[in-house]
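Numbering (my numbering), first residue to last: -16 to 398.
We put the beta carbon where it would ideally sit given N, CA and C, even for glycine.
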């Protein structure tokens, strides 16, 4: 059986856990509503609080539509995690001038908030999650001026993201890939490929490998007694190629009797979703494909828990070898078998036929063969789902990683 690589800390000193460690989670806006990035920030916060740290999520600006009001204050707590919008509003301002005034207010407010935290002894470290080089540069300046650690949450090899186009976007991505590692006091990479980047370009930097995180308790909900059998894929329309791969696989999947349904839970831009829906409309099995979008998190959990199998093929590309999708943790928490590909981080955690169904490559025929194993033997699929759940609980629980991250930050000597 393949062994699972445990997160390791590349810093020699030892330390004891204190109770006066303050952490600011920076770089994302829209907390606490959102999918993978926001959920990860929430779990990082909860994990660090479990490790006796003071935590606050700082949102610089509002991102929500004022025409669709939501019940969220500019400052408060969600699942025990404090947050603040330093622009004073959760909504995105309309109009170019007003929007930029609010952005400036949020920027200055963020610095003042960090300064106040430092003055009150509540700021020792920050964890920065951003794809904007300008934001990272700003946080580096803040860290230097105020004297706190900057830890980079390293989850993507930005320059390999094919959906990010245009000269300025590409320049941003290359600058971020180059300087975020150099300007960090410590790094939290999500994959072996990103660790290779660290060791090649900044071998002196301390890092802690942090995989996907999940709150397994949230998925401890009863299954429905009577539902149509279905396989489920959850993803963004930005990954249209992967969704078409799923559709190609479903078209070729053979059934012993009535077809198993395919449920698609798709986010992303409206125009991209419309293209995928047009493809589905022309398929012979269109009546067996159900589409979901923008559903409450509780409904998402329900869909995961009641599926016969959960689909997430990774491509053999630098982008997919570097990433470790957040929803893999959620899939495992649901306790149903995952169908994936032997690429990137999958190799480090999963064994085909034991903890997941793993196709040898990103190939439709190979992937269909693994999907069919679920349909042909539901009892075996249930056992695979159970073992996958246990493996995930042992490796991806947010609480254990909160303790490791807290310990890692304390071991870094501020330069």
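Inter-stretch contact at 8 Å, needing at least 3 Cβ pairs: the stretch 219 to 228 / the stretch 195 to 204
no
How is residue 389 classed by DSSP in three states: helix, strand or coil?
helix
Here's the rule I'm using: 16 or more other beta-carbon atoms within 10 Å means buried, otherwise exposed. How should residue 237 be labelled?
exposed
Any idea which residues DSSP pairs residue 104 with across the strands?
Bridge partners of residue 104: none, in fact.
Based on Cα-Cα distance, which residue from 99, 23 and 47 lies nearest to residue 196?
23
Per the DSSP calculation, residue 342 is bridged to which residue(s)?
324
In this structure, does DSSP put residue 78 in helix, strand or coil?
coil
Which one or two residues does DSSP pair with residue 6 in a beta bridge?
38 and 108
If you follow the alpha helix (DSSP H) that residue 301 is in, where does it begin and where does it stop?
301 to 305
Among 354, 378, 285 and 74, the one whose alpha carbon lies nearest that of residue 205:
285
Does residue 54 come out as helix, strand or coil in the three-state DSSP assignment?
coil
Would you say residue 31 and residue 385 are within 8 Å of each other, going by their C-beta atoms?
yes
Where does residue 124 land, buried or exposed, given buried means 16+ other C-beta within 10 angstroms?
exposed
Could you have a look at residue 236 and say whether DSSP puts it in helix, strand or coil?
coil
Could you pull out every residue in the same chain whose Cβ sits closer than 6 Å to the Cβ of residue 0, ignoring the five residues on either side in sequence?
Only weak support exists for where residue 0 lies, its pLDDT of 44 falling under 50; the value from the coordinates is given anyway. Hits under 6 Å: none found.
Is the stretch 306 to 313 touching the stretch 347 to 358 in the sense that three or more CB pairs, one from each, lie closer than 8 Å?
no
With a threshold of 8 Å on Cβ separation, who are the neighbours of residue 143 within its own chain once the five nearest residues in sequence on each side are excluded?
300, 301, 302 and 305
Identify, in the order they occur along the chain, each residue of the same chain with its Cβ nearer than 6 Å to the Cβ of residue 367, setting aside the five sequence neighbours on each side.
320
Where does residue 118 land, buried or exposed, given buried means 16+ other C-beta within 10 angstroms?
buried
Going by DSSP in three states, residue 23 sits in which element: helix, strand or coil?
helix
Tell me the residue span of the alpha helix (DSSP H) that contains residue 197.
Residue 197 -> no alpha helix (DSSP H), and no H or E assigned at all.
Cβ separation of residue 67 and residue 57, assumed to be a contact under 8 Å, to the nearest whole Å
7 Å
Look at residue 121 and residue 159 and say whether their C-beta atoms are less than 8 Å apart.
no
Counting C-beta neighbours from all protein chains within 10 Å, is the total for residue 184 16 or more, i.e. buried, or is it exposed?
exposed
Chain-order list of residues whose beta-carbon lies under 6 Å from that of residue 49 (same chain, five-residue window excluded):
74
Can you confirm whether the stretch 238 to 246 touches the stretch 209 to 220 when touching is taken to mean that 3 or more C-beta pairs between the two stretches lie within less than 8 Å?
yes
May I have the straight-line CA-CA distance separating residue 85 from residue 96, to the nearest angstrom?
16 Å
Residue range of the beta strand (DSSP E) that residue 247 falls in?
244 to 250
Residue 241 (DSSP reduced to helix, strand or coil)
coil
How is residue 273 classed by DSSP in three states: helix, strand or coil?
strand
Quick one, which of 110, 234, 81 and 19 has its alpha-carbon nearest residue 352's?
234
Cβ pair count under 8 Å reaching 3, the stretch 338 to 345 against the stretch 163 to 182:
no
Out of 266, 388, 229 and 148, which has the shortest C-alpha to C-alpha gap to residue 33?
388
Start-end ranges of the alpha helix (DSSP H) lying completely within the stretch 120 to 168, minimum 4 residues:
150 to 165
Terminal residues of the alpha helix (DSSP H) in which residue 202 lies:
No alpha helix (DSSP H) contains residue 202, which DSSP labels as neither H nor E.
Among 47, 71 and 312, which has the Cα closest to the Cα of residue 77?
47
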